[in-house]
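Before any comments, here is the structure.
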Amino acid sequence: MLLTHAETVALALSFKVSLVGVACSLPVAVGCAWLLARTRFFGKPVVEGLLLLPLILPPVVTGYVLLIVFGHHGAIGRWLDAAGVSIAFRWTGAALAAAVMAFPLLVVALRNAFESVDRKLENAAATLGAGPWRIFFGITLPLSARGLVAGLALAFARAFGEFGATITFVSSIPGQTRTLPIALYELISTPGGQSGALRLTLLAVAVAVVASLVAALMLLRGGTREADA
Amino acid sequence: MIELDLALQRGEFSLELALHSSARALALFGPSGCGKTSTLLAIAGLLHPRRGRVAIDGRALFDSDANIDLTPAHRNLGVVFQDARLFPHLSVRDNLRYGMPHAAAKHAFDDVVHLLELSAFLKRRPGQLSGGQIRRVAIGRALLRQPHALLLDEPLANLHREARAEVLEHLRGLKRGFELSTILVSHQPDEVIALADSVALIQDGRLAALEDVEAFRSSTAASGIPVAANACATG
Amino acid sequence: MRRIQRLVACVAVAGAGALASAVAAAAPPTIFAAASLEPALDQMAHEGALGTPAPRLVYAASSALARQIENGAPADLFISADERWMDDVARHGAIVPSTRADLLGNALVLIAQSKARFDLAHGAASLPEALGRDGRLAIALPDSVPAGIYAKQALTELGMWQSLEPRMAMTRDVRAALNLVVLGQCPLGIVYRSDAVSEARVKVLATFPAASHKPIVYPVAIVKGHDDAATRALLAALKAEQARGAFRRWGFDVLAH
Chain A
1 MLLTHAETVA LALSFKVSLV GVACSLPVAV GCAWLLARTR FFGKPVVEGL LLLPLILPPV
61 VTGYVLLIVF GHHGAIGRWL DAAGVSIAFR WTGAALAAAV MAFPLLVVAL RNAFESVDRK
121 LENAAATLGA GPWRIFFGIT LPLSARGLVA GLALAFARAF GEFGATITFV SSIPGQTRTL
181 PIALYELIST PGGQSGALRL TLLAVAVAVV ASLVAALMLL RGGTREADA
Chain B
230 MIELDLALQR GEFSLELALH SSARALALFG PSGCGKTSTL LAIAGLLHPR RGRVAIDGRA
290 LFDSDANIDL TPAHRNLGVV FQDARLFPHL SVRDNLRYGM PHAAAKHAFD DVVHLLELSA
350 FLKRRPGQLS GGQIRRVAIG RALLRQPHAL LLDEPLANLH REARAEVLEH LRGLKRGFEL
410 STILVSHQPD EVIALADSVA LIQDGRLAAL EDVEAFRSST AASGIPVAAN ACATG
Chain C
465 MRRIQRLVAC VAVAGAGALA SAVAAAAPPT IFAAASLEPA LDQMAHEGAL GTPAPRLVYA
525 ASSALARQIE NGAPADLFIS ADERWMDDVA RHGAIVPSTR ADLLGNALVL IAQSKARFDL
585 AHGAASLPEA LGRDGRLAIA LPDSVPAGIY AKQALTELGM WQSLEPRMAM TRDVRAALNL
645 VVLGQCPLGI VYRSDAVSEA RVKVLATFPA ASHKPIVYPV AIVKGHDDAA TRALLAALKA
705 EQARGAFRRW GFDVLAH
């Protein structure tokens with residue numbers, strides 16, 4: 001199964017966009033997940049709801065919001081343009097769209113992972129003189145590693161398959177923003193594009209299956225461990 | 230020297246305790262559920278009293294009037310929890326070293342390992358240890374923190390007879406070898422008699438009596454059996 | 465007892481039948497129409513030029529609509545933005561061939577924001593310059609969306625496709641391209657004249673010569689299995705004088721038939 005040049009470009013771009021997108025949303029997701037798992041504050045349910053928005057809103061709506069905010073003349077976009085780091089119509093914009101759409105999945109998975117870590121162990125670490133950062137990186141994070149990997153796998157799959165927000169925000173630009181799902185959409189819409197569409201579909205399915213397997217493996221074995229601990 | 234003056238609320242259960250003791254090793258003794266563990270957790274900083282004061286050797290760890298509330302990390306206490314709480318993802322060696330100060334003497338680690346006979350399984354993970362071994366590692370970890378004081382929560386609980394004897398022997402050895410203020414929580418008289426200098430009897434969340442260990446030994450010997458486990462009113 | 469039961473049953477059946485036919489009669493016909501027809505058809509339906517009850521109007525890219533109709537979507541009429549997609553639907557046997565007709569025509573224009581200043585003194589050659597350093601040309605997907613296909617034909621004919629292709633932002637449909645110009649995200653765009661007419665915030669800078677691309681034709685046809693009185697009446701309304709006038713006002717060419 002050989003791909004055309006355009007299809008290869010789209011595939012490589014999708015990997016780049018998804019990896020960068022998930023990598024950038026990871027620190028934010030970790031912070032939010034930790035706050036949700038370990039702290040109490042006024043308005044917490046509202047924050048929880050807001051963080052889930054990209055999961056619930058139609059992707060086109062999210063894409064439109066990104067366009068208004070990060071596009072040229074946008075509230076944030078104008079500063080980016082002025083600084084010469086515009087993301088409108090660039091792969092970085094596609095990465096942002098992917099990151100935003102995958103973010104809720106990542107937060108939910110990470111939160112569950114953190115909540116599954118026994119706080120008694122964290123307390124014990126505190127009595128041994130560890131500050132909050134040392135506890136987080138030395139105890140919480142390693143013990144939630146399985147959930148973390150599972151969340152990353154699912155978030156990556158979501159980012160990889162992202163379409164509606166991406167095409168609305170950064171359109172389709174070969175080599176820059178025409179990711180695999182967008183290329184697939186174009187092929188489906190072109191009479192005679194069936195064979196290409198099939199190839200890309202198989203690739204997309206393969207990525208999704210691998211991600212699901214990784215997530216399932218992590219979460220399954222993670223479950224049995226908890227019972228012993 | 231231990232100074233305790235606590236008012237603690239946990240659900241429906243309330244605890245009010247006030248005592249001063251200049252004993253090196255103090256035991257908090259009473260039936261299960263009457264607040265002993267809560268007291269220990271409050272001293273460690275993991276539970277927050279409504280009001281009161283906790284000071285060890287003159288150093289205030291908590292004082293509601295003076296607005297002092299040190300974080301658990303800053304209280305510099307070595308806590309041996311009832312459930313040991315060894316870190317499952319770290320080796321025994323890494324568990325032991327977890328709280329060790331950077332400035333600790335090189336031989337401190339070896340001394341504790343030798344004393345508690347832990348050298349055979351330094352590379353193992355907690356999941357591969359027996360109950361008694363886990364307890365000893367937990368004690369070693371607390372000791373290696375080089376704390377001002379040691380807090381022991383039911384150190385011999387849930388151990389079968391051989392492990393019990395083994396750990397008790399090690400604790401006796403520690404008492405001889407280390408000059409460390411110790412607060413021990415227990416509902417078993419033989420532990421208390423073996424390890425404490427002074428005993429605080431706690432019942433229903435209140436201090437019933439504070440006596441010398443000799444007096445305690447006599448009173449339990451006289452009654453012939455360990456203090457009856459009247460369940461305290463608990464939340 | 466028996467006679468009463470039979471009487472009740474008859475009344476019930478008659479009642480249900482009346483209700484069903486009332487419901488069937490009340491359900492308005494559905495038009496699947498290319499996205500570029502949205503403002504025109506919406507207004508015409510609102511003003512009653514398309515009969516009462518006003519038809520249900522579904523808009524999308526012609527490619528998406530064609531695929532849906534081929535898969536049995538419940539459309540009564542299909543108006544495509546190009547002949548190719550109507551041919552495709554016809555090949556799948558999903559339309560009533562005798563009802564197919566060329567309804568409308570359109571023109572391809574270059575647009576910019578109304579308030580923008582552009583100097584196209586050198587005609588098409590000044591396009592790259594007009595885009596500036598970072599600006600992109602908004603067009604619909606050039607291989608699948610009719611407006612994009614026509615734009616590609618026109619630019620190729622003018623010898624500008626190669627140089628402009630890397631500077632393009634390709635959108636899901638022509639209205640998205642229009643929107644990018646409206647929002648100031650792209651300085652220039654290529655859309656239908658009807659799109660430019662419908663949007664006050666953009667202005668036409670130039671019209672592509674009709675000869676530079678295949679004729680823009682909007683065929684209409686009745687979907688197979690939906691050929692009934694109501695649909696025929698709707699088709700007639702679309703060709704009637706009131707509709708023709710409205711289409712012209714919205715920037716379309718009305719084709720003789």
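Protein chains in written order, with my numbering: chain A, 1 to 229; chain B, 230 to 464; chain C, 465 to 721.
Beta carbons are placed, not taken as given, at the ideal position from N, Cα and C, and that holds for glycine.
Using a cut-off of 9 Å between C-beta atoms, extract the partners of residue i located in chain E.
i       : result
A/Ile87 : No chain E appears in the structure shown, which is made up of the protein chains A, B and C.
So, does the CB of residue i fall closer than 8 Å to a CB anywhere in chain A?
i        : result
C/Thr620 : no
B/Val414 : no
C/Ser527 : yes
B/Arg364 : no
B/Ala429 : no
B/Phe291 : no
Name, please, each residue of chain B whose Cβ falls closer than 9 Å to the Cβ of residue i.
i        : result
A/Gly131 : Thr300, Ala302
Flag residue i as yes if its beta-carbon sits less than 8 Å from any beta-carbon of chain C, otherwise no.
i       : result
A/Leu67 : yes
A/Pro58 : no
A/Ser14 : no
Please list, in chain order, the chain B residues whose beta carbon lies closer than 7 Å to that of residue i.
i        : result
A/Thr92  : The premise fails here: A/Thr92 is roughly 36 Å from chain B at the closest Cβ pair, so nothing lies under 7 Å.
A/Leu121 : Arg314, Phe316
Would residue i pass as an interface residue toward chain B - the criterion being a Cβ-Cβ separation below 8 Å?
i        : result
A/Leu128 : yes
A/Ala150 : no
A/Ala229 : Here the model assigns A/Ala229 a pLDDT of 38, short of 50, so the residue's position is not dependable, and the following value carries that caveat. Judged by the 8 Å Cβ criterion, A/Ala229 is in contact with chain B.
A/Gly223 : Per-residue confidence for A/Gly223 stands at a pLDDT of 49, beneath the threshold of 50, marking its modelled position as unreliable; the derived number appears in the next sentence. Cβ-Cβ to chain B under 8 Å: no for A/Gly223.
A/Leu143 : yes
At 8 Å on the CB atoms, spell out the chain C contacts of residue i, in chain order.
i        : result
A/Glu186 : Leu605, Asp607, Ser608
A/Thr62  : Per Cβ cutoff of 8 Å: no residues; A/Thr62 is ~15 Å from chain C at best.
Give me the DSSP bridge partner(s) of residue i.
i        : result
B/Gly281 : B/Leu235
C/Leu521 : C/Ile495
C/Pro503 : Looking at the DSSP assignment, C/Pro503 forms no beta bridge with any residue, so it has no partner.
C/Gln626 : In DSSP, C/Gln626 forms no bridge with anything.
A/Val30  : Note: A/Val30 sits in no beta bridge, so no partner.
C/Ile543 : C/Ala497, C/Val684
B/Glu440 : B/Val428
B/Phe242 : B/Arg239
C/Thr671 : C/Val573
Using the Cα positions of residue i and residue j, report the straight-line distance between them to the nearest angstrom.
i        : j        : result
A/Val108 : A/Leu11  : 28 Å
C/Arg740 : C/Ala554 : There is no way to answer for residue 740 of chain C, as the model of chain C reaches only from 465 to 721.
A/Arg225 : B/His318 : Its pLDDT being 47, under 50, A/Arg225 is placed unreliably by the model, and nothing is read from it.
B/Phe338 : A/Ala145 : 30 Å
C/Ala525 : A/Gly192 : 17 Å
A/Leu198 : A/Thr190 : 13 Å
B/Ala458 : B/Ala289 : The predicted model places B/Ala458 with a pLDDT of 41, which falls under 50 and marks its position as unreliable, so this point remains unresolved.
B/Ala423 : B/Arg401 : 7 Å
C/Arg665 : C/Ala580 : 10 Å
C/Gly689 : C/Phe716 : 29 Å
B/Glu391 : B/Ile297 : 43 Å
Could you name the residues of chain A that residue i contacts, counting a contact when the two beta carbons are closer than 9 Å?
i        : result
B/His483 : Look at the range of chain B in this structure, 230 to 464, and you will see that residue 483 of chain B is not part of it.
B/His377 : In chain order: nothing, as chain A lies at least about 12 Å away.
B/Gly328 : Ala125, Thr127, Leu128, Gly129, Ala130
C/Thr635 : Ile167, Thr168, Ser171, Ser172
Checking 8 Å against the spacing of the C-beta atoms, do residue i and residue j come in under that value?
i        : j        : result
C/Asp659 : C/Leu644 : no
B/Leu373 : B/Leu413 : no
A/Leu105 : A/Phe70  : no
B/Arg552 : A/Lys120 : For residue 552 of chain B there is no data in the structure shown, the boundaries of chain B being 230 and 464.
C/Ile686 : C/Asp540 : yes
B/Leu388 : B/Gly356 : no
B/Pro301 : A/Ala37  : no
B/Leu235 : B/Ala284 : no
A/Leu66  : A/Ala155 : no
Report the neighbours of residue i on chain C: residues whose CB is nearer than 7 Å to its CB, in chain order.
i       : result
A/His73 : Gly648
Below 8 Å on C-beta distance, what does residue i contact in chain A?
i        : result
B/Phe407 : In chain order: nothing, as chain A lies at least about 17 Å away.
C/Arg597 : Those do not exist, as C/Arg597 stays about 11 Å from chain A at its closest Cβ, beyond 8 Å.
C/Asp546 : Residues of chain A passing the Cβ test: none, with the nearest at roughly 11 Å.
Which residues in chain A have a C-beta closer than 7 Å to the C-beta of residue i? List them in chain order.
i        : result
B/Ala273 : Thr127
C/Arg600 : Phe89
B/Phe310 : Ala124
C/Met550 : The contacting residues do not exist; C/Met550 stays about 12 Å from chain A at best.
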